[in-house]
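First the structure, in the form of structure tokens, and then the observations on it.
2 protein chains.
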Amino acid sequence: MLPKGFKVGGISSYLSNQNLKKDLAIFISDTLANTAGMFTRNIVKAAPVNVSINRLKNREKFFGIVANSGCANACTGSKGEHDAEYVCSFIEKEFNLMNGSMLCASTGVIGQYFNIVENDFQKKINLLKSNIGTSIKNENDAVSAIMTTDTFIKKGYKKVKNKNGEIKIWGCAKGAGMIYPKLQTPLHATMLSFVLTDAKISNKDLQIILKNSVDQSFNCISVDGDTSTNDTVLVLANGQSNTNQLTGNDLINFTKSFNELMIDLAKSIVKDGEGATKFIEIEIKNAGTKKEARFISSTLATSVLFKTSMFGADANWGRIIAAIGRSGVNFDLNKVDIYIDKYQILKNGTILSFSEKEIKKTLLKKEINIIIDLKSGTATYKYYTCDFSYDYIKINGYYRS
Amino acid sequence: MLPKGFKVGGISSYLSNQNLKKDLAIFISDTLANTAGMFTRNIVKAAPVNVSINRLKNREKFFGIVANSGCANACTGSKGEHDAEYVCSFIEKEFNLMNGSMLCASTGVIGQYFNIVENDFQKKINLLKSNIGTSIKNENDAVSAIMTTDTFIKKGYKKVKNKNGEIKIWGCAKGAGMIYPKLQTPLHATMLSFVLTDAKISNKDLQIILKNSVDQSFNCISVDGDTSTNDTVLVLANGQSNTNQLTGNDLINFTKSFNELMIDLAKSIVKDGEGATKFIEIEIKNAGTKKEARFISSTLATSVLFKTSMFGADANWGRIIAAIGRSGVNFDLNKVDIYIDKYQILKNGTILSFSEKEIKKTLLKKEINIIIDLKSGTATYKYYTCDFSYDYIKINGYYRS
Chain S
0 MLPKGFKVGG ISSYLSNQNL KKDLAIFISD TLANTAGMFT RNIVKAAPVN VSINRLKNRE
60 KFFGIVANSG CANACTGSKG EHDAEYVCSF IEKEFNLMNG SMLCASTGVI GQYFNIVEND
120 FQKKINLLKS NIGTSIKNEN DAVSAIMTTD TFIKKGYKKV KNKNGEIKIW GCAKGAGMIY
180 PKLQTPLHAT MLSFVLTDAK ISNKDLQIIL KNSVDQSFNC ISVDGDTSTN DTVLVLANGQ
240 SNTNQLTGND LINFTKSFNE LMIDLAKSIV KDGEGATKFI EIEIKNAGTK KEARFISSTL
300 ATSVLFKTSM FGADANWGRI IAAIGRSGVN FDLNKVDIYI DKYQILKNGT ILSFSEKEIK
360 KTLLKKEINI IIDLKSGTAT YKYYTCDFSY DYIKINGYYR S
Chain L
0 MLPKGFKVGG ISSYLSNQNL KKDLAIFISD TLANTAGMFT RNIVKAAPVN VSINRLKNRE
60 KFFGIVANSG CANACTGSKG EHDAEYVCSF IEKEFNLMNG SMLCASTGVI GQYFNIVEND
120 FQKKINLLKS NIGTSIKNEN DAVSAIMTTD TFIKKGYKKV KNKNGEIKIW GCAKGAGMIY
180 PKLQTPLHAT MLSFVLTDAK ISNKDLQIIL KNSVDQSFNC ISVDGDTSTN DTVLVLANGQ
240 SNTNQLTGND LINFTKSFNE LMIDLAKSIV KDGEGATKFI EIEIKNAGTK KEARFISSTL
300 ATSVLFKTSM FGADANWGRI IAAIGRSGVN FDLNKVDIYI DKYQILKNGT ILSFSEKEIK
360 KTLLKKEINI IIDLKSGTAT YKYYTCDFSY DYIKINGYYR S
């Protein structure tokens, strides 16, 4: 259910020289929309990231986003940026949009150029023009066109009611590997996420809401600890809802729904983590500072030894302790409590006797909750990760083959 | 070939409640030896690490090291420290050594207590007393007693000649997983390494040589990016060689051989990395600073995506770029050259055309050399890592099962 004034679509474009799946998506508003973006902090940024960052410096309002999968257009130098600009311009011209009003994003193999054969590309864009719309099929076409190793479509939808009427927020995401986003405003994020809303909201508020939201969603997930050159989150608000400019409680309610959608999308990336068999939520309680809680949780979330023991359903909690101990954060082990779901396994730094059989049963579940209570402050943090399986090796040992 | 005055041995002790393999080793000098040590920087330190650090604060000279495998004696609180002290004292008494003159080290499962049954332990130590000596069998007994998931014995030997005579340096190491040592003097490694020498060298020189050597050996290796609670490197110099106190060129020659031995031992840990099928040397050239070179190389060496592509012999060099880009070090991509063995694949940040077939052939080899030339300074750094295979998951998913 797209918000008012938005159309989306996806086709197979050959841009990545692959013809097996849909690989070019478009997300477009029929009026200019306030836009906020966050991008990878990797100092090696893909061409579409540089192009979108530059475009966001020059204007606040955009018509939409063109995104492709299969070819990341990263490490492609000035030719890569030229190609990204070319695709944006081509779309602008064909869809009668003003110059510079499209943003772009890419995901796929690094170090390959777009395969643009002009006549062929024209035909593909003609096909795209006849395949955009507001239907569930259009949504699914668009979202599947940005998928790479993803095994399912990640999209979500919220309605926010207020006294004037109703606002819709629609979002989608892709990502299954090279997932350890470190997104920055707007200079530094292969997960992609695009959010469309018909809310009337200022650019400034949109950017603040996006940043806060990313810090508790996409910036709290890891599949493999590798931060991509292409991570991009973009939100477009075209103001076409029949509500007033968002302020006060209305803004708070919108923010709440926006955050929920972003956290759901972020979690769905982890659930679809390459080869993942389990979803793991790590909750740090009573840390000295939020930053410390973040360091501890992200160190555990990216520990290969922890992730393989979760795959094996092995209550090797010593690996939890070893990981948090190397996080660089100072804490008093004698205060630390650790829980695996409802089972407390460590109390004040001391091992409790627990039934290996019971814990094994818990660890064989699809969703596992780890709580680490440091009892040294009041800061809390949640981080989402997945286990590390044979299939991860299979998928990534032979990604390009 | 042990240096003069040293005896070693290893037996099966049941300390870890496992009777399948030798699990208790002793390394002993017949006179007090100058001793230097480095230990894990993980803030969660195993009991034997705390005990050895404390003992090193109180004296400079020791008789030897008692080390066990199977039980890490980590996260075992004051009982764990008491147990470690008990084992040291027991050895001191049985071998007629002065109180507090033994150091200790452990490796194995975290969170388990030693299984000490007094009469049984007495019998085991009696067995150990009759099984120490200077033979190759004694060496192999001792080194195999500290092995966990290791698949081969890691030991080495150097002779250093000078005008007065000859010095011997003998060293051993264990480690295959939870390998990402960050060793500190002496406060802050589950690799274990013990080096014995009959050199006449001051404690101060020994500590300086050890620190410099570790910084270019054990601190430059990663198997899985997880730093252990137990990492320990100890060196004992008993001065029994027929040479003078080491100074000047003699000290330089000794240092050179010492470093070579340590680098060989460190490389052997990576070669035996859990599930490893390939040894990878990462060489950073012309970085701004040594610290930057270290950050870049260690980030790549711990990148799961890079390591899985090496397992798959996939020249997915984009993952090299993505990893070095997220290292937090600022560099100019437009200057970067990358080589895989003799094949240059990136020149001034631009992809070179290369034969996938040729590179595949190279990547199927057992040893791979990656060179990253940043052309922005003069600092160089070498880092050693291995690939990530199905067997890694197998070994670590079911470590305790």
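If you read the protein sequences in the order shown, they are chains S and L.
Numbering that gives the first Met the number 0 numbers the first residue of the first sequence as 0 and each following residue consecutively.
Numbering that gives the first Met the number 0 numbers the first residue of the second sequence as 0 and each following residue consecutively.
Just so you know, even glycine gets a beta-carbon here, dropped at the ideal spot from N, CA and C.
| Item | Value |
| --- | --- |
| Measuring only between beta-carbons, confirm whether asparagine 16 of chain L sits less than 8 Å from chain S. | no |
| Assuming lysine 356 of chain S is part of the alpha helix (DSSP H), what are its boundary residues? | 355-362 |
| Would you say phenylalanine 38 of chain L reaches chain C, if we count a Cβ-Cβ gap shorter than 8 Å as a contact? | The displayed structure is made up of protein chains S and L, and chain C is not among them. |
| Are the stretch 315-333 of chain S and the stretch 40-53 of chain L in contact at 8 Å, needing three or more beta carbon pairs? | yes |
| In chain order, what are the residue ranges of uninterrupted beta strand (DSSP E) at least 3 long that sit wholly in the stretch 272-351 of chain S? | 278-286, 336-339 and 342-346 |
| Apply the 10 Å Cβ neighbour rule to cysteine 58 of chain S and answer buried if 16 or more other Cβ atoms are within range, or exposed otherwise. | Rather than cysteine, the amino acid found at residue 58 of chain S in this sequence is arginine. Classification for arginine 58 of chain S: exposed. |
| Within this structure, are the beta carbons of glycine 63 of chain S and phenylalanine 113 of chain S separated by less than 8 Å? | no |
| Counting along the chain, where does the alpha helix (DSSP H) carrying isoleucine 392 of chain L start and finish? | 389-396 |
| Mapping DSSP to helix, strand and coil, what is tyrosine 112 of chain L? | coil |
| At a cut of 8 Å, does the stretch 342-353 of chain L reach the stretch 69-76 of chain S through at least three beta carbon pairs? | yes |
| Exposed or buried, what is glutamate 117 of chain S when buried is set at 16 or more other beta-carbons lying within 10 Å of its beta-carbon? | exposed |
| Less than 8 Å between CB atoms is the rule here; does leucine 250 of chain S satisfy it with respect to chain L? | no |
| Cβ of cysteine 219 of chain L less than 8 Å from any chain S Cβ? | no |
| My output table needs one value for serine 192 of chain S: the three-state DSSP class, helix, strand or coil. | strand |
| Do the stretch 228-236 of chain S and the stretch 190-210 of chain S make contact, defined as three or more Cβ pairs closer than 8 Å? | yes |
| Look up threonine 184 of chain L in the DSSP assignment and say whether it is helix, strand or coil. | Confidence at threonine 184 of chain L is low in this model, with a pLDDT of 41, below 50, so its placement is unreliable and the value that follows should be read with caution. Three-state DSSP puts threonine 184 of chain L in coil, outside helix and strand. |
| Is the stretch 156-171 of chain L touching the stretch 270-278 of chain L, taking contact as three or more C-beta pairs under 8 Å? | no |
| How long is the line joining the alpha carbons of serine 400 of chain L and threonine 148 of chain L, rounded to whole angstroms? | Residue placement at serine 400 of chain L is flagged as unreliable, the pLDDT there being 48, under the threshold of 50; a coordinate-derived value is accordingly withheld. |
| Is tyrosine 85 of chain S helix, strand or coil when you go by DSSP? | helix |
| By the three-class DSSP mapping on this structure, what secondary structure does asparagine 49 of chain S have? | helix |
| With H, G and I counted as helix, E and B as strand and the rest as coil, what does DSSP make of alanine 32 of chain S? | strand |
| Measure how close the beta-carbons of serine 100 of chain L and leucine 31 of chain L come, nearest whole angstrom, since I'm counting them as under 8 Å. | 7 Å |
| For the stretch 357-377 of chain S, enumerate the residues whose C-beta is nearer than 7 Å to any C-beta of chain L, in chain order. | none |
| Would you report the Cα separation of methionine 97 of chain S and valine 7 of chain S, rounded to the nearest angstrom? | 18 Å |
| Check whether the Cβ of leucine 332 of chain L lies closer than 8 Å to any Cβ atom in chain S. | yes |
| According to the Cβ coordinates, are leucine 14 of chain S and isoleucine 115 of chain S closer than 8 Å? | yes |
| Short of 7 Å in beta carbon distance, which residues of its chain neighbour threonine 377 of chain L, apart from the five on each side in sequence? Order them along the chain. | Asn285 |
| Counting only C-beta atoms, is tryptophan 316 of chain S closer than 8 Å to chain L at any point? | yes |
| Does DSSP classify isoleucine 466 of chain S as helix, strand or coil? | The structure shown does not extend to residue 466 of chain S, since chain S is modelled only from 0 through 400, so no value can be given for it. |
| Using alpha carbons as the reference points, say which of S/Met261, S/Ile392 and S/Cys70 lies closest to phenylalanine 310 of chain L. | S/Ile392 |
| Report the neighbours of alanine 292 of chain S on chain L: residues whose CB is nearer than 7 Å to its CB, in chain order. | Those within 7 Å of alanine 292 of chain S in chain L number zero; the least Cβ separation is about 15 Å. |
| Can you check whether the C-beta of tyrosine 338 of chain L is within less than 8 Å of a C-beta belonging to chain S? | no |
| Which stretch, first to last residue, makes up the alpha helix (DSSP H) that contains isoleucine 268 of chain L? | 247-270 |
| Pull up the CB-CB distance for serine 227 of chain S and alanine 300 of chain L, whole angstroms please, since I reckon it's below 8 Å. | That belief does not hold up - the Cβ atoms of serine 227 of chain S and alanine 300 of chain L are roughly 19 Å apart, past 8 Å. |
| Along the chain, where does the beta strand (DSSP E) that runs through serine 143 of chain L open and close? | Element bounds for serine 143 of chain L: not the beta strand (DSSP E) but the alpha helix (DSSP H), 135-144. |
| Output, in chain order, the set of chain L residues within a Cβ distance shorter than 8 Å of aspartate 82 of chain S. | Those do not exist, as aspartate 82 of chain S stays about 14 Å from chain L at its closest Cβ, beyond 8 Å. |
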